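Working notes, beginning with the structure itself.
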Amino acid sequence: MPLYVVTGCSTKGEHFVPMTSNDVNHNSPMNPHRKLHSVSPFSHDNTFNTRNNRPIIYGPEKKLCTKYRWLVFLVLSLVVVVFVMTGLFLWQVHLRHKSEAAQSIKQSQKPCQRLPKPIPLPDLRQFLSSKLKEMEEFITKKKFGALSANVVYRDNIIWSGAFGVISRSEKPSRKPKTSSIYPCASISKVLTALIVYKLFDESKITSLDDPVVKFDADFKIKNPFDQKHNITLRNLLDMSSGIPREAPCYPSTKNNLCPYNHSVMIKRIQNSSLLVEPNTILQYSNFGYALLGNVLAKAFSGGDYNALVKKYVLVPLGMKNTMLALNSKQLNDVPRAYIDGKLSSVVNWGWLDPAAGFFTTVEDLSKMVIHLMSDSNKDRYLSKYTTRLLFSIANVMTDGVTITGTPWEMSPIDGIVHRTKGGSIYGYRALVAMVPELRIAMNVLCSNCEEFIYSLVQTYFDAKIVPVLRQHLSKLQQMKIVLPPNYSAYVGTYVTNDIPDLRSFVIVKEDKKLSAYVNKVPYFYLNYTAPRTFKVVINTDQMSCLNEYVIANVNEVLVFDEISSRDDLSHGFIASGASPSGKAYLYRAPSK
1 MPLYVVTGCS
11 TKGEHFVPMT
21 SNDVNHNSPM
31 NPHRKLHSVS
41 PFSHDNTFNT
51 RNNRPIIYGP
61 EKKLCTKYRW
71 LVFLVLSLVV
81 VVFVMTGLFL
91 WQVHLRHKSE
101 AAQSIKQSQK
111 PCQRLPKPIP
121 LPDLRQFLSS
131 KLKEMEEFIT
141 KKKFGALSAN
151 VVYRDNIIWS
161 GAFGVISRSE
171 KPSRKPKTSS
181 IYPCASISKV
191 LTALIVYKLF
201 DESKITSLDD
211 PVVKFDADFK
221 IKNPFDQKHN
231 ITLRNLLDMS
241 SGIPREAPCY
251 PSTKNNLCPY
261 NHSVMIKRIQ
271 NSSLLVEPNT
281 ILQYSNFGYA
291 LLGNVLAKAF
301 SGGDYNALVK
311 KYVLVPLGMK
321 NTMLALNSKQ
331 LNDVPRAYID
341 GKLSSVVNWG
351 WLDPAAGFFT
361 TVEDLSKMVI
371 HLMSDSNKDR
381 YLSKYTTRLL
391 FSIANVMTDG
401 VTITGTPWEM
411 SPIDGIVHRT
421 KGGSIYGYRA
431 LVAMVPELRI
441 AMNVLCSNCE
451 EFIYSLVQTY
461 FDAKIVPVLR
471 QHLSKLQQMK
481 IVLPPNYSAY
491 VGTYVTNDIP
501 DLRSFVIVKE
511 DKKLSAYVNK
521 VPYFYLNYTA
531 PRTFKVVINT
541 DQMSCLNEYV
551 IANVNEVLVF
561 DEISSRDDLS
571 HGFIASGASP
581 SGKAYLYRAP
591 SK
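Residue numbers for the sequence shown follow full-length UniProt numbering, so the first one is 1 and each next one is one higher.
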């Protein structure tokens, strides 16, 4: 029978070699059918003999090394399979995430809903009656001192109300009116900003980036950052100047928070220092707006801020009950406010008047917002260009939803930027909220109402009144798409060599109108305006705002070829705004 020698299973030279007769001990009682054991040349097992340091094996047995080799092979195979399966799994996860990301991007491109025009609505109060009633019930259930409010649409007050009592200690109690005067605190900053924009509109200020020192040569403040930068009017307007929040007005008096004239304050300012480098961080500043108003007063009205604001703001807007100082009768009619149960004193702001010193009524605030939201081309308070500057965004905070202006606080709600300006001082609150694009606003003045004034405006004005108005206007202004009498002449597929990215332009009849599919997406409707002439209408359900902005096809006119007498079809059309050359020709695709 054949004999084999195992020459080692752990080296690169692992192999089997036949045994010779010289390697065998013929006297050994070896069972020729015995299985191979793991044995060394130095084993004392009597069933083995060694020669030349090699174990002697009898018979055609299954070798131990062969078993090990198969075991290693199986283990390695399993490892490879595990790696392959893991790789396939990760690949599928990657594809899934990629697909989900693409879907997420697609879903984030919301349809671009156009804002309707704020057309006259004689029945708007009745249309909003249920929402207004809800709001009144909400107000009456709350605890506060006095509250006066109104809602304005276009040129009219569509709702107004006054609630609570003027003084909780008076018997019999007096009710506030919509003509009641309240401190309006930081809404004063709007009036100061309007001075700037009115002077700019009349070219008395040449640029909002003019340095403050141009209007007051004595202005100087320590700047430990960029010595070359001059603080500008715009820096004070949008609160990017780096000036501290509060002015050095100490000590104040019982009846005046800052009883000093501009000359005294300028000297104090010269010893003050910027807190941050200008144009880097926006920080709310009463100091900055007080400085702005007083510097302009020095330049344009001999240092009299009251005269300046009357000339450029209060008189042009008809705000007859907005003022900086009250007589005794007017003070008696101001609703009382309480702090920790004690009566709060109504004080003057002195040099700080431009930042927070005004008293006003909701009726006067309605006059202001009506002028600011006007879309008329005649008798405007500010030009349309300057009005856009007034309502423009100055900064978007890192949360992506807090936006500031000059001096508005803004919030994007359902694609519309709501502008607000709030005020708070010693138990009084004031709030103006408006959507200029829809010409609707709400004004609120109140005492001891800090717990709910913002929820009132957010719950009813922002979340109910504005959306209902927008929906109503959109429904009334829904465009009717005209279908031509011979529409079948234009239906079909068109192609062009003038627009590289356009693979197909397919016109089909759907829901009694012609729809245009651009690369298989129904982006447009074709509105029939004259023989062979159509105006492009955006399909707002399909077009994102970014696409609408980039494509820029609003009111694009398509002029089709004469209808052929041979087949009753138009075989092409001209689109003027679809190609960089200024004109593109799309021709009917040949029939397949």
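Note that CB positions come from ideal geometry on N, CA and C, so glycine has one too. Here the structure is a predicted model, which means the values were calculated and not measured.
Taking the CB atoms as reference points, tell me whether residue i and residue j lie closer together than 7 Å.
i: Gly423; j: Ala185; result: yes
i: Leu526; j: Leu514; result: yes
i: Asp353; j: Leu324; result: yes
i: Pro335; j: Ile166; result: yes
i: Ala433; j: Ile499; result: no
i: Ser374; j: Asn150; result: no
i: Leu431; j: Tyr197; result: no
i: Val369; j: Ala441; result: yes
i: Asp209; j: Leu382; result: no
i: Phe560; j: Ser570; result: yes
i: Ser173; j: Gly357; result: no
i: Leu586; j: Phe505; result: yes
i: Asp567; j: Ala489; result: no
i: Tyr528; j: Val491; result: no
i: Val264; j: Gly242; result: no
i: Trp351; j: Tyr289; result: no
i: Ser474; j: Pro116; result: yes
Apart from the five residues just before and just after residue i, which ones in its own chain have a Cβ nearer than 6 Å to its Cβ?
i: Val495; result: Ala589
i: Arg429; result: Cys446, Cys449, Glu450, Ile453
i: Tyr523; result: Asn539, Gln542, Met543
i: Tyr517; result: Val506
i: Ile269; result: Ile221
i: Gln103; result: Caution applies to Gln103, whose pLDDT of 42 falls short of 50 and renders its modelled position unreliable; the value that the coordinates give is listed next. Closer than 6 Å at the Cβ level, and outside the excluded window around Gln103, lies no residue.
i: Lys177; result: Ala162
If you run the structure through DSSP and keep just helix, strand and coil, what is residue i?
i: Tyr587; result: strand
i: residue 601; result: With the chain running from 1 to 592 in the structure shown, residue 601 is simply not present.
i: Lys142; result: coil
i: Val518; result: strand
i: Met148; result: First, the residue type needs correcting, since residue 148 is Ser and not Met in the sequence shown. Note: Ser148 maps to strand in three-state DSSP.
i: Phe127; result: helix
i: Glu134; result: helix
i: Tyr528; result: strand
i: Ser77; result: helix
i: Lys267; result: helix
i: Asn156; result: strand
i: Lys367; result: helix
i: Phe200; result: helix
i: Ala247; result: coil
i: Tyr487; result: helix
i: Val165; result: coil
i: Ser474; result: helix
i: Lys214; result: helix
i: Lys117; result: coil
i: Ala273; result: It is Ser, not Ala, that sits at residue 273 in the sequence shown. In the structure shown, Ser273 sits in a strand (DSSP, three-state: E or B).
i: Asn53; result: Residue confidence is low: Asn53 scores 46 on pLDDT, short of 50, so the model does not pin down where it sits. Its coordinate-derived value is still stated next. Coil.
Just to confirm my understanding: we take residue i, look at its own chain, exclude 5 residues before and 5 after, and list those with CB closer than 7 Å. What are they?
i: Ala337; result: Gly145, Ser344, Tyr426, Gly427, Tyr428, Ser447, Asn448
i: Gly415; result: Gln113
i: Arg380; result: Ser374
i: Val537; result: Met479, Ile481, Phe524, Tyr525, Asn527
i: Tyr305; result: Gly293, Asn294, Ala297, Asp353, Pro354
i: Glu548; result: Cys112, Ile538
i: Leu191; result: Val309, Val313, Phe358
i: His418; result: Met410, Ser411, Ala433, Val435, Asp462
Which residues in the same chain as residue i place their Cβ atom closer than 8 Å to its Cβ, once the five residues preceding and following it in sequence are excluded?
i: Leu308; result: Ile195, Gly293, Leu296, Ala297, Phe300, Ser301
i: Asn555; result: Lys535, Val536
i: Leu284; result: The amino acid occupying residue 284 in the given sequence is Tyr; Leu does not appear at that position. Once the five neighbours on either side are set aside, the close Cβ partners of Tyr284 are Met239, Arg245.
i: Asp226; result: Glu277, Pro278
i: Ser392; result: Gly405, Thr406
Next on the checklist: At 3 residues or longer, what runs of the beta strand (DSSP E) sit wholly inside the stretch 378-457?
Outcome noted: 409-413, 416-425, 428-435, 440-447
Item to check | Stretch-stretch touch, CB-based, cutoff 8 Å, three pairs: the stretch 338-349 with the stretch 233-248 | outcome: no
Checklist entry - Going along the chain, which unbroken runs of the beta strand (DSSP E) with 3 or more residues stay wholly within the stretch 531-591? => result 533-538, 557-560, 572-575, 584-588
Checklist entry - Using 8 Å as the Cβ pair cut-off and three pairs as the minimum, do the stretch 253-261 and the stretch 198-215 touch? => result no
Checklist entry - Fully enclosed by the stretch 279-362, which alpha helix (DSSP H) runs are 4 residues long or longer? => result 286-300, 305-309, 328-333, 353-356
Next on the checklist: Would you call the stretch 229-244 in contact with the stretch 311-329, where contact means no fewer than 3 C-beta pairs closer than 8 Å?
Outcome noted: no
Item to check | Touch test, the stretch 136-145 against the stretch 115-123, Cβ-Cβ under 8 Å, three pairs minimum | outcome: no
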